[in-house]
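K.L.:
Keeping their order, the protein sequence lines are chains W and H. Positions in the first sequence are counted from 1; adding 337 to them yields my numbering. Positions in the second sequence are counted from 1; adding 357 to them yields my numbering. One structure is given below, represented as structure tokens, and several questions about it will come after.
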Amino acid sequence: MELILAIAVGVLTTCGVWLLLRPRTFQVIVGLSLISYAVNLFIFSMGRLRIDAAPVIEGGVIDPANYTDPVPQALVLTAIVISFAMTALFLVVLLAARGFTGTDHVDGRER
Amino acid sequence: MHMLLDHLVILPILLPLATGAILLFINDRLRPVKAAINFASTMLLLVLAILLVRHAAETGQAAGGAGNATYPLGNWPVPFGIVLVADRLSALLVLLAAILGLCALTFSLARWHAVGPSFHSLFQFLLMGLCGAFLTGDLFNLFVFFEVLLAASYGLALHGSGSARVRAGLHYIAINLAASSLFLIGAALIYGVIGTLNMADIAARVAQVAGADRGLLEAGAGILGIAFLVKAGMWPLGFWLPNTYAAASAPVAALFAIMTKVGIYAVLRLSLLVFGDQAGASAGFGQAFLLYGGMATIAYGAIGALAAQSTARLSGNLVLMSSGTLLAAIGFGNAGVVSGALFYLVSSTLAISALFLLVELLERIRVEGADILAVTLEAYGDDDEEDEVQEVGVVIPGALAVLGVSFAICALVLSGLPPLSGFLAKFAMISPMLNPEGLATVNEVSASAWWLAGLLIFSGFAALIALSRTGINTFWATVSEGPAAVRVIEILPVIVLLGLCVIMVVLAGPIMTYLEAAANALHAPAGYIADVLGAPVVVDLGGAP
């Protein structure tokens, strides 16, 4: 499981960085989205990978070993919301730049 | 009143949040109402910030301690919940943000607040993000406040619209989104190794990290540091900065002058807290990187300032220079140098903010494209001498004189010439650099100290050349057509900001005492850690049924 997750994060990051360095604004935004997916998976994995363990603790006598770490899950939730909002905002700026400059090149002009 | 003071630490965050939210519901056609609410709220924020600074100074004196006020959110015990911490440094930066906010807002009321929607809400949210980032004691909470202030700054950078702003804003947003991803990776790595996100708790546990995990921890800290340094504009991560600041509208750029300081603050806070003396094998991690990176930034900013073709870009490069100076001073790793650097931080931020406001006023009195013309003239020789005779006996209009004096004060502060605060700041940095053990002991001066002192003086010289060139071309060489159209509420913020620089000279003694205490507390993180981890939880809610 660790290997699969590590490969997934690696592939997403590689594609994201490649697209981020491309000259078209749409490629940049897809690249940023891929990077944010990779980052979210990465944060998730920092709580150690567990199967069949709940993050929410119930009442009574508690053995922490039966539960998975809830903090990274809360962090991922926040990070997803923020990156989603930022992507939407970037999309608006992208459209505005397209309208102003008439091109989708990140520098606003073709080379 | 006493009840209110108990919640003093969180009020600088709640007040802008509430104001910004209320302003969203008021129609943009009622702009005077929005402006009045915004102004009143920013005034109140300034009062709160002054109270916070006084509180930090007084508690520190009374208890002989670090002067840390803690505020556990939701009454959760400290390592488990989020905690807000106001020590001397945070209180000072909240005050600085409030001052800049008030001045930028006053300036914007003349014209700029009316050129786009939701200016006032975004303005308040930016202040909220700034105050939150300065006051939080939790790493992930710091990320959230960074995002709040960045989201507001994206909107403000685009305020006024136009092709140049949107193009610069596109780059600004892209690079900051990438930096935010790095921030998350760094924070997650640190959590994965240490298992906590509370800054004080991280610092307390660094020494216990097993040898095999130490590399992972330092990698996390390094990645986190890169995210902060992108914001601070360290070379080679700061190429976005002059473009964005030059494209932003004047009041927004004036407020942005403190945005790079958020990155500096995070570096200062975390590097000294987490990798202080108590960190065991990791102590002093990244200091050399900050020192040499800062020196490279000073050099880059100085060259950029000399080469700048417009006053706005010149100001952007001066921001870089100021960032570089602060980073190098932090990397030098001496409490005396850091206290001087804090003085420099306040003085240079005030002056740069004033300069950004001045830039727009100067643009009005000069002929179109005078910057480019001036550089070309210097290269090919000036043959424009025929109208010398008619310039004799020109009456200096009042507004022009005020602008000229303001610009001269700005230049003096930024280039570090006596008698203004820029000189005191550089002196306070260079003196402990050359005598790290105090003036009484004679010791060898390290090579890096010579280099840094030399670079500081060179950067002041470069700033002086660049600013005098601009000043000469603006006030002496351009023929303005009629008196400068400057309104009182536009020049007043500039005078206030520069007046504060003068006051800093008069009150240099008490201010330096405060800053020295702040720098010493930063270099002895045990007090901070003990105060935060031992933060009392308010059990008695008073009148419980």
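Even glycine gets a Cβ: it sits at the ideal position worked out from N, Cα and C. Keep in mind it's a predicted model, so treat the numbers as computed, not measured.
Give me the subset of the segment 365-383 of chain W whose CB atoms are less than 7 Å from a CB atom of chain H, sorted by chain position.
P.N.:
Listed in sequence order: Val365, Leu369, Ile372, Ser373, Val376, Phe379, Ile380, Met383.
K.L.:
Which bits of chain W does H:Phe497 rub up against, with CB to CB less than 7 Å?
P.N.:
Correct list: Leu412.
K.L.:
Under 9 Å Cβ-Cβ, which residues of chain C neighbour H:Ser520?
P.N.:
Considering every chain present, this structure includes no chain C. Its protein chains are W and H.
K.L.:
Identify the contact partners of W:Ile419 in chain H, using a Cβ-Cβ distance below 7 Å as the criterion.
P.N.:
Chain H residues near W:Ile419: Glu504.
K.L.:
So, H:Gly661 versus H:Ser680, is the Cβ gap smaller than 9 Å?
P.N.:
Cβ distance not < 9 Å, so H:Gly661 and H:Ser680 don't count as in contact.
K.L.:
Could you compute how far the alpha carbon of W:Val429 sits from the alpha carbon of H:Leu487?
P.N.:
Taking the straight line joining both Cα atoms gives about 24 Å.
K.L.:
Pull out every residue of the segment 349-364 of chain W whose Cβ sits closer than 8 Å to any Cβ of chain H, in chain order.
P.N.:
Listed in sequence order: Leu357, Thr362.
K.L.:
Quick one: which chain H residues come within Cβ less than 9 Å of W:Gln342?
P.N.:
For clarity, residue 342 of chain W is Leu in the given sequence; the question names Gln instead. Simply none; closest approach about 13 Å.
K.L.:
Strictly below 7 Å CB to CB, what residues from chain W border H:Ser538?
P.N.:
Result: Ile372, Ser373, Val376.
K.L.:
Could you name the residues that DSSP lists as bridge partners for H:Gly682?
P.N.:
Rather than Gly, the amino acid found at residue 682 of chain H in this sequence is Thr. Note: H:Thr682 sits in no beta bridge, so no partner.
K.L.:
H:Leu594 by DSSP, collapsed to three states: which one?
P.N.:
Coil.
K.L.:
Mind listing the chain H neighbours of W:Ala416? Cutoff is C-beta to C-beta under 7 Å, in chain order.
P.N.:
Near W:Ala416 (Cβ distances below 7 Å), the residues of chain H are Leu541.
K.L.:
In three-state DSSP terms, what is W:Arg359?
P.N.:
In this structure, W:Arg359 counts as coil in the three-state DSSP scheme.
K.L.:
Give me the chain W residues within the contact set of H:Arg524, using Cβ-Cβ distance strictly less than 8 Å, ordered along the chain.
P.N.:
Near H:Arg524 (Cβ distances below 8 Å), the residues of chain W are Ala434, Phe437, Thr438, Asp444, Gly445.
K.L.:
Can you find a CB in chain W that lies within less than 9 Å of the CB of H:Val770?
P.N.:
Not closer than 9 Å to any Cβ of chain W, the Cβ of H:Val770 fails to qualify, so no.
K.L.:
Is it the case that the Cβ atoms of H:Leu718 and H:Ala768 are separated by a distance below 9 Å?
P.N.:
No, they are not a contact pair.
K.L.:
Quick one: Cα of H:Tyr428 to Cα of H:Asp558, how far?
P.N.:
Using only the alpha carbons, I get a separation of about 15 Å.
K.L.:
From W:Leu369 to W:Thr424, what distance separates their C-alpha atoms?
P.N.:
Approximately 8 Å between the Cα atoms of the pair.
K.L.:
Per the contact definition of three or more C-beta pairs closer than 8 Å, is the segment 696-712 of chain H in contact with the segment 845-859 of chain H?
P.N.:
They touch, by the three-pair rule.
K.L.:
I need the DSSP call for W:His442, collapsed to helix, strand or coil.
P.N.:
Strand.
K.L.:
Once DSSP output is grouped into helix, strand and coil, what is the label at H:Ala531?
P.N.:
Three-state result, H:Ala531: helix.
K.L.:
Going by beta carbon distance, what residues of the same chain come within less than 7 Å of H:Phe815, once the five residues before and after it are set aside?
P.N.:
Once the five neighbours on either side are set aside, the close Cβ partners of H:Phe815 are Ala659.
K.L.:
Going along chain H, which residues have a C-beta under 7 Å from W:Val449?
P.N.:
Given that chain W is displayed from residue 338 to residue 448, the structure contains no residue 449 of chain W and the question cannot be resolved.
K.L.:
Please list the terminal residues of the continuous beta strand (DSSP E) segment that includes H:Tyr428.
P.N.:
Residues 426-429.
K.L.:
What in chain H is Cβ-close to W:Met423, meaning under 9 Å?
P.N.:
Near W:Met423 (Cβ distances below 9 Å), the residues of chain H are Glu504, Leu507, Ala508, Tyr511, Ile530, Asn533, Leu534, Ser537.
K.L.:
For the candidate residues H:Leu854, H:Ala378, H:Phe700, H:Ala656, whose alpha-carbon lies nearest to that of H:Met485?
P.N.:
For the residues H:Leu854, H:Ala378, H:Phe700, H:Ala656, the minimum Cα distance to H:Met485 belongs to H:Ala378.
K.L.:
Going by beta-carbon coordinates alone, are H:Leu402 and H:Leu372 separated by less than 9 Å?
P.N.:
Their beta carbons are under 9 Å apart, which means H:Leu402 touches H:Leu372 by this criterion.
K.L.:
Does the distance from the CB of H:Leu574 to the CB of H:Leu554 come in under 9 Å?
P.N.:
Result no, Cβ atoms of H:Leu574 and H:Leu554 do not sit closer than 9 Å.
K.L.:
Indicate whether W:Arg435 and W:Thr362 have their beta-carbon atoms separated by less than 9 Å.
P.N.:
A contact, by the Cβ cut-off of 9 Å.
K.L.:
List in chain order: all unbroken alpha helix (DSSP H) runs of 4+ residues lying wholly within the segment 784-835 of chain H.
P.N.:
Here the runs fully enclosed are 804-828.
K.L.:
With a threshold of 9 Å between beta carbons, is W:Pro409 in contact with chain H?
P.N.:
It does; some Cβ of chain H falls within 9 Å.
K.L.:
DSSP on H:Glu748, reduced to helix/strand/coil?
P.N.:
For H:Glu748, the predicted model reports a pLDDT of 45, less than 50, meaning its position is unreliable; a value from the coordinates is still stated below. The answer is helix: DSSP assigns H:Glu748 an H, G or I state.
K.L.:
So W:Leu386 contacts chain H; which residues on that side make the cut at Cβ distance below 8 Å?
P.N.:
Chain H residues near W:Leu386: none, gap ~12 Å exceeds 8 Å.
K.L.:
Report buried or exposed for H:Glu847, applying the criterion of at least 16 other Cβ atoms within 10 angstroms of its Cβ.
P.N.:
Counting Cβ neighbours within 10 Å, H:Glu847 comes out buried, since at least 16 surround it.
K.L.:
Under a CB-based cut-off of 9 Å, is W:Val398 close to chain H?
P.N.:
Not an interface residue.
K.L.:
Using only the alpha-carbon positions, how far apart do H:Glu745 and H:Leu387 sit?
P.N.:
Legend: pLDDT at H:Glu745 = 44, less than 50; position of this residue unreliable, no value from coordinates given.
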